[in-house]
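As structure tokens, the structure follows; a few thoughts come after it.
There are 2 protein chains.
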Amino acid sequence: MEKKLSQQPQTTEELPSCPQVQVHPSLIEAAEEQMPDEEILYDLAELFKVFGDSTRIKILFVLFQSEMCVCDIATLLHMTQSAISHQLRVLKQSQLVKYRREGKTVFYSLADNHVKTILGQGLDHIAE
Amino acid sequence: MEKKLSQQPQTTEELPSCPQVQVHPSLIEAAEEQMPDEEILYDLAELFKVFGDSTRIKILFVLFQSEMCVCDIATLLHMTQSAISHQLRVLKQSQLVKYRREGKTVFYSLADNHVKTILGQGLDHIAE
DNA sequence: CAAACATATGAACGATTGTTCATATGTAAT
DNA sequence: ATTACATATGAACAATCGTTCATATGTTTG
């Protein structure tokens, strides 16, 4: 890409795509420091991606009430068993739900209470 | 973003896909009652979808530090101005960021503090 | 054993997403 | 008006996603 042509003093070098930074270089430096590692940011995005589908959100809301089997969730949400099972797998992979087997039936439940806080904050945000 | 309404092509018979519910009918009823409206659930999913991309998450983290112009964000994240601008539009549409113009420059900043809580809870979750 | 049931999973499909590229809009200075 | 700069946006593309369909796995009962 292109090169910088700094007219501002010290600290910023390399990268610039704009001829001069608009904010104080100290703030840029601070922003770079408090930024979590790339891997954390990726995992964080993956986590929120899981919340980014209304079917999965519905499943989580249903599980607020009590543990429930795949079949009952499908019935409640008017969806196929297969679709629910696929989504439960996603929720399971993100450690948002856990399960226990009882005979033929598998009961799913919420894995921890971050789920409630996160959904609650989301509801707060869209409510304003 | 997400497919609008659509829902259940539905067969001619009634919903139950299992011969009998596995959990107490009273819990099913309770789950149905506390479930937010379809529209709320849709909006909620749309909101979390916005958090579901690491570029947008990075932008939000950068804005924790201070307001910043498009150009500086692009520089900080080693991405093109166009890519950042597109993503800022998404963040703006979800009311997660706001902006002010100053001459040629547009400064973006966080719109409210739900963002911090939501990202914080997400970090907590993946930290376990 | 077989049959019935509950759940899981792989392939395939259309739909949606994030980036790039080219270009448009808006603003300031000459 | 012309040039330069900061940002926005539309089209296009590959990549990813959620559902369906068909089928597999696992469990209980006869």
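So the sequences go chain by chain: Y and R. In our numbering, each residue carries its 1-based index in the first sequence increased by 10. In our numbering, each residue carries its 1-based index in the second sequence increased by 10. For each residue, glycine too, the CB sits at the ideal point set by N, CA and C. Note that the structure is predicted; figures quoted are calculated from it, not measured.
Going straight from the alpha carbon of Lys-126(R) to that of Glu-56(Y), what length do you get? Within the second sequence, residue 126(R) is the residue found at index 116, counting from 1. Within the first sequence, residue 56(Y) is the residue found at index 46, counting from 1. One C-alpha to the other measures close to 17 Å.
Could you work out which residues of chain R lie near Ala-41(Y), taking near to mean beta carbons separated by less than 7 Å? Working through the first sequence from its first residue, we reach residue 41(Y) at position 31. Within 7 Å Cβ-Cβ: Val-72, Gln-75, Leu-86.
Give me whichever residues DSSP pairs with Met-78(R) in a beta bridge. Taking the first residue of the second sequence as 1, we reach residue 78(R) at position 68. DSSP, once it has assigned bridges, lists Tyr-118(R) as partnering Met-78(R).
Would you kindly work out how many angstroms separate the C-alpha atoms of Phe-71(Y) and Ser-104(R), rounded to a whole number? Along the first sequence, one-based indexing puts residue 71(Y) at 61. Along the second sequence, one-based indexing puts residue 104(R) at 94. Taking the straight line joining both Cα atoms gives about 22 Å.
Return the first residue and the last residue of the alpha helix (DSSP H) that Val-100(R) is part of. Counting from 1 along the second sequence, the entry for residue 100(R) is found at position 90. Per DSSP, Val-100(R) belongs to the alpha helix (DSSP H) from 91–103.
At a Cβ cut of 9 Å, what residues of the segment 47–71 of chain R count as close to chain Y, listed as they run along the chain? For the segment 47–71 of chain R, which is checked against every Cβ of chain Y, the residues closer than 9 Å are Glu-48, Ile-50, Leu-51, Tyr-52, Asp-53, Leu-54, Ala-55, Glu-56, Leu-57, Phe-58, Lys-59, Val-60, Phe-61, Gly-62, Asp-63, Ser-64, Thr-65, Arg-66, Ile-67, Lys-68, Phe-71.
In whole angstroms, what separates the C-alpha of Tyr-118(R) from that of Val-31(Y)? Stepping through the second sequence from its first residue, residue 118(R) is reached at position 108. Stepping through the first sequence from its first residue, residue 31(Y) is reached at position 21. Cα to Cα, Tyr-118(R) sits roughly 14 Å from Val-31(Y).
If you draw a straight line from the alpha carbon of Asp-134(Y) to that of Glu-39(Y), how long is it in whole angstroms? Here residue 134(Y) refers to the residue found at position 124 when the first sequence is read from its first residue. Here residue 39(Y) refers to the residue found at position 29 when the first sequence is read from its first residue. Going by the C-alpha atoms only, they are around 32 Å apart.
Helix, strand or coil at Met-11(Y) according to DSSP, with G and I counted as helix: Taking the first sequence and counting its residues from 1, one reaches residue 11(Y) at position 1. Residue confidence is low: Met-11(Y) scores 30 on pLDDT, short of 50, so the model does not pin down where it sits. No coordinate-derived value is stated.
So what does DSSP say about Gly-132(R), is it helix, strand or coil? Position 122 of the second sequence, counted from the start, is the residue given in the question as residue 132(R). Helix.
Three or more beta-carbon pairs under 8 Å between the segment 83–103 of chain R and the segment 56–70 of chain R, yes or no? yes
Name the DSSP beta bridge partners of Tyr-109(Y), please? Within the first sequence, numbered from 1, the residue matching residue 109(Y) stands at position 99. Tyr-118(Y).
CB-CB under 6 Å to Arg-110(Y), same chain, minus the five flanking residues each way: which ones, in chain order? On the first sequence, residue 110(Y) is found 100 positions in, with the first residue counted as 1. By the criterion of a C-beta distance shorter than 6 Å, Arg-110(Y) is surrounded in its chain by Phe-117, once the five residues flanking it on both sides are discounted.
Thr-115(R) versus Glu-77(R), Lys-102(R), Gly-130(R), residue with shortest Cα-Cα distance: In the second sequence, the residue the question calls residue 115(R) occupies position 105. Per the Cα distances, Glu-77(R).
Does the beta carbon of Gln-44(R) come closer than 8 Å to any beta carbon on chain Y? Position 34 of the second sequence holds residue 44(R). Interface residue, yes.
Looking at C-alpha atoms only, which residue of Asp-47(R), Ile-94(R), Met-45(R), Phe-58(R) is the closest neighbour of Leu-73(R)? Position 63 of the second sequence, counted from the first residue, corresponds to residue 73(R). Comparing Cα-Cα distances from Leu-73(R) to each of Asp-47(R), Ile-94(R), Met-45(R), Phe-58(R), the minimum goes to Ile-94(R).
Are any of the Cβ atoms in chain Y nearer than 8 Å to that of Leu-37(R)? Counting from 1 along the second sequence, the entry for residue 37(R) is found at position 27. So, interface residue.
If you draw a straight line from the C-alpha of Leu-98(R) to the C-alpha of Leu-120(R), how long is it? The residue given as residue 98(R) occupies position 88 in the second sequence. The residue given as residue 120(R) occupies position 110 in the second sequence. Those two C-alpha atoms are separated by around 11 Å.
Pull out every residue of the segment 94–110 of chain R whose Cβ sits closer than 9 Å to any Cβ of chain Y, in chain order. Ser-104, Gln-105, Leu-106
Report buried or exposed for His-124(Y), applying the criterion of at least 16 other Cβ atoms within 10 angstroms of its Cβ. The residue you call residue 124(Y) lines up with position 114 of the first sequence. Buried: at least 16 other Cβ atoms inside 10 Å.
Would you say Leu-133(R) reaches chain Y, if we count a Cβ-Cβ gap shorter than 8 Å as a contact? Start at 1 with the first residue of the second sequence, and residue 133(R) comes out as number 123. It does: the Cβ of Leu-133(R) has a partner Cβ on chain Y nearer than 8 Å.
Span separating the alpha-carbon of Leu-37(R) from that of Gln-75(Y): Locating residue 37(R) in the second sequence gives position 27, counting from the first residue. Locating residue 75(Y) in the first sequence gives position 65, counting from the first residue. Roughly 7 Å separates the two Cα atoms.
Same chain, Cβ closer than 8 Å to Val-100(R), neighbours up to 5 away in sequence not counted: Residue 100(R) sits at position 90 when you count from the first residue of the second sequence. For Val-100(R), where only same-chain residues beyond five positions count, the Cβ hits under 8 Å are Val-60, Arg-66.
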